[in-house]
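*Asks:*
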């Protein structure tokens with residue numbers, strides 16, 4: 087099954103004070119690292135949101151939000167709207183250690199569901215999950231009602247959780263860690279694993 091990869095890059099990075107997507111971790115920026123892993127799982131990659139001038143060098147299509155200012159939900163809506171495939175795997179641009187094998191596990195459980203949402207303990211991770219085309223309408227309806235939470239829009243589609251725990255995947259907390267503050271960035275640099283050389287981002 088072909089999957090579209092949707093990288094959310096439209097956040098304002100207020101707590102960081104600079105564009106998180108362009109922070110370097112080793113040889114790559116955060117968004118390049120996400121694209122690298124995602125390219126091994128998905129047949130196309132779309133960047134949803136973000137400044138085109140800052141991201142055009144990546145070579146991937148950049149889609150603007152149809153409903154700007156509505157948070158990640160509008161980015162998911164925009165990415166799915168242009169995706170070539172029935173399903174799109176959504177990941178935030180600020181995940182320094184995304185796990186391709188976990189992406190594949192979530193994708194493999196899609197069945198006929200409209201969305202498969204990663205669940206870790208009591209928490210859902212909607213920004214590292216799988217969405218089908220039917221979620222486009224749900225997102226639009228939710229946004230028009232002024233409800234911008236991704237989990238709220240899920241009530242309008244047929245979805246299921248994909249539950250995991252630390253016993254099943256010991257490194258789960260690291261793979262879902264995201265960089266929101268300068269302190270988070272320093273923590274990510276401490277725990278970065280050396281990539282195999284050469285570590286190059288594939289071009290479309």
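Residue numbers (the numbering used here): 87 to 290. Even for Gly, the Cβ is constructed at its ideal location relative to N, Cα and C.
#1: Which runs of the alpha helix (DSSP H) fall wholly inside the region 222-253 and span at least 4 residues, in chain order?
#2: In the DSSP assignment, the beta strand (DSSP E) including residue 212 goes from what residue to what residue?
#3: For residue 196 and residue 173, which I take to be in contact (beta-carbon distance under 8 angstroms), what is that distance rounded to the nearest angstrom?
#4: Does the beta-carbon distance from residue 154 to residue 132 come in below 7 angstroms?
#5: Residue 91 bridges to which residues according to DSSP?
#6: At the level of alpha carbons, what is the spacing between residue 91 and residue 168?
#7: Return the bridge partner residues of residue 201 from the DSSP annotation.
#8: Determine the DSSP secondary structure at residue 289, reduced to helix, strand or coil.
#9: Report the CB separation of residue 234 from residue 157 in whole angstroms; it is logged as a contact under 8 angstroms.
#10: Give the single residue among 268, 145, 263, 89 whose Cα lies nearest to the Cα of residue 181.
#11: Any beta-carbon of chain B closer than 7 angstroms to the one on residue 239?
#12: Helix, strand or coil, according to DSSP, for residue 114 in the structure here?
#13: Residue 149 by DSSP, collapsed to three states: which one?
*Replies:* Reading off the structure:
#1: With a minimum length of 4 residues, the continuous alpha helix (DSSP H) runs that stay inside the region 222-253 are 236-239.
#2: Sequence index remark: in the chain shown, residue 212 carries index 126 (1-based). Where residue 212 is concerned, the enclosing beta strand (DSSP E) stretches over 209-218.
#3: As a first step, residue 196 is located in the chain shown; it is residue number 110 there, counting from the start. As a first step, residue 173 is located in the chain shown; it is residue number 87 there, counting from the start. Yes, residue 196 and residue 173 are in contact; Cβ-Cβ is about 6 angstroms, under 8 angstroms.
#4: Here residue 154 refers to the residue found at position 68 when the chain shown is read from its first residue. Here residue 132 refers to the residue found at position 46 when the chain shown is read from its first residue. No, the Cβ-Cβ distance between residue 154 and residue 132 is not below 7 angstroms.
#5: Taking the chain shown and counting its residues from 1, one reaches residue 91 at position 5. Looking at the DSSP assignment, residue 91 forms a beta bridge with 131, 175.
#6: Within the chain shown, the letter at position 5 stands for residue 91. Within the chain shown, the letter at position 82 stands for residue 168. Taking the Cα positions, residue 91 is about 11 angstroms away from residue 168.
#7: As a working mapping, residue 201 is identified with position 115 in the chain shown. Paired residue(s): 217, 245.
#8: Sequence index remark: in the chain shown, residue 289 carries index 203 (1-based). Reliability fails at residue 289, whose pLDDT of 43 lies under 50, so the model's placement of it is uncertain and no value is given.
#9: Position 148 of the chain shown, counting from 1, holds the residue named residue 234. Position 71 of the chain shown, counting from 1, holds the residue named residue 157. The Cβ separation is near 5 angstroms, so the contact holds.
#10: Taking the chain shown and counting its residues from 1, one reaches residue 181 at position 95. The option with the nearest alpha carbon to residue 181 is 263.
#11: Looking at the structure shown, chain B is missing, and only one protein chain is on hand.
#12: For the purposes of this step, residue 114 is taken as residue 28 along the chain shown, with counting starting at 1. The answer is strand: DSSP assigns residue 114 an E or B state.
#13: One-based indexing of the chain shown puts residue 149 at position 63. Three-state result, residue 149: strand.
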